[in-house]
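Be aware that the sequence shown starts at 1, since it is given in full-length UniProt numbering, and climbs by one per residue.
A short write-up of the structure that comes next.
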Amino acid sequence: MESAIRERVEHWFAKRGNGEGEEANGAASSASDEEMMKAAGEEMVELILDGRQFKSVSHEASDLLQKLQVLGKFTCNQTGLHSVEGFPVMPSVKTLELTDNHISGGLEALVKSFPNLKRLQLGGNYFRTFEVLEPLKDLCNLEHLGLDMSPISNQSEYRQKVFEMFPRLVVLDSTDKDGKEVEAADSDEEDEEECKNAQDAKKIEKVCESQMLCLRLSAGSCPVRRTFVYMIPEWIHVALSLSDDDDEEADTTLKDFYEKDLEDDDEEDEDDFNPDGEEEEDEDFDE
């Protein structure tokens, strides 16, 4: 599994930003494994390992998966997987596909590793009783569930029992409660939207971290108020830019206000700032 993950990351890195071609492949070959994993951890939103053969999740594979912090969709269909134990905690994953494997239970581990799943495909595995599915009740966001081609799907009143077990469930085996088929395209669009939101959230988080670092470094050499006013505009500008459409100009009202305030107060800040603050306070007290 470890080698399969590295190959997919390398393939993703080769296509990243440049599309397919010699130039993209050259970029991948010149980058180290560490550089590729770092980039994937911040930007890779989909990992497809379908058809690769592995029975379990190794410690090395778990360490690699844990680095993929914005991964939204993860599929391991037809891999021969026997157990869902060993996966790291991956809260960003909303779609998980493990169809046509040899899984028969132990779903507690799956719930622990993927607590925020909305879509879970487990069809073609060896689930024989409804009790085996009990741990999935802890997936509070689960809306789509696939169990077709498993022994349990042949039981009488199968659909009714599953919908009773999971009241929040919307789709079971590609059909809703009324038996109406739900097109896969709808789910794909939701996946893309969630992946984009995850990327945007990660970018904003990085901006916030960098701004707070600058604030801490600057606080020792200049007034905190001035530093804070200086740092706010860029954060607001970036956050608004990420939330708006590409063809719309971000609202910079607050940014312009703070920048104007900074220009007007430059001289005042320099005059007011006195590193020997204690002496000034003492003089005022004596008066």
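Quick reminder that beta carbons are idealized off the backbone N, C-alpha and C, glycines included.
Taken in chain order, the complete alpha helix (DSSP H) segments of 4 or more residues contained in the region 157–185 are 158–165. Considering only Ala31, Ala109, Gly41 and Ala40, the residue with the shortest C-alpha distance to Ser56 is Ala109. By alpha-carbon distance to Phe163, the top candidate from Met149, Leu142, Ser150 and Pro151 is Leu142.
By the neighbour-count definition (other C-beta atoms within 10 Å, threshold 16), Thr95 is a buried residue. In the three-state scheme derived from DSSP, where H, G and I count as helix and E and B as strand, Glu34 is classed as helix. Put simply, the backbone Cα of Thr75 is about 11 Å away from that of Asp100. In the three-state reduction of the DSSP assignment, Ile48 falls in the strand class. By the C-beta density criterion, Val89 is exposed, having fewer than 16 other C-beta atoms within 10 angstroms.
Counting C-beta atoms within 10 angstroms of its own C-beta, Gln53 has fewer than 16 neighbours from the protein chains shown and is therefore classed as exposed. Per DSSP, the unbroken alpha helix (DSSP H) holding Phe13 starts and ends at Glu2 to Lys15. Nearest Cα to Glu85 within the set Arg159, Ser113, Asp63 and His102: Ser113. Membership of Gln121 in the beta strand (DSSP E) is indicated by the continuous run Arg119 to Gln121. The Cβ atoms of Met165 and Leu133 lie closer than 8 Å to each other. Here DSSP, grouped into helix, strand and coil, assigns Phe130 to helix. Collapsing the DSSP output to three states places His82 in coil.
In this structure Asn154 is exposed. Its beta-carbon is surrounded by fewer than 16 other beta-carbon atoms within 10 angstroms. Counting every other CB atom within 10 Å of its CB across the protein chains shown gives His102 a total below 16, marking it as exposed. Looking at the DSSP output, Leu96 sits in a beta bridge with Phe74 and Leu120.
A residue is called buried when at least 16 other Cβ atoms come within 10 angstroms of its Cβ; Lys73 meets this threshold and is buried. A distance of 8 Å or more separates the beta carbons of Ser104 and Phe130.
Scanning its chain for C-beta atoms nearer than 7 Å, with the 5 sequence neighbours on each side dropped, one finds around Val182 the residues Val171, Ser174, Thr175 and Asp176, in chain order. Under the three-state reduction of DSSP output, His59 falls in the helix class. When the five nearest sequence neighbours on each side are left out, the beta carbons in the same chain lying within less than 7 Å of the beta carbon of Glu60 are those of Glu2, in order along the chain.
A straight-line Cα-Cα distance of about 15 Å links Ile48 and Ser92.
In the three-state DSSP reduction, Gly41 falls in the helix class (H, G or I). Take Ser62, set aside five residues on each side of it, and the residues of its chain with a beta-carbon closer than 7 Å to its own are Gly86, Phe87 and Pro88, in chain order.
Apart from sequence neighbours up to five positions away, the residues of its chain that approach Gly51 with a beta-carbon distance below 8 Å are Asn77, Gln78 and Thr79, ordered along the chain.
Per DSSP, the beta bridge partners of Gly146 are Gln121. Between Leu107 and Leu145, the CB-CB gap reaches or exceeds 8 Å. Shown here, Pro151 sits in a helix according to DSSP, grouped into three states.
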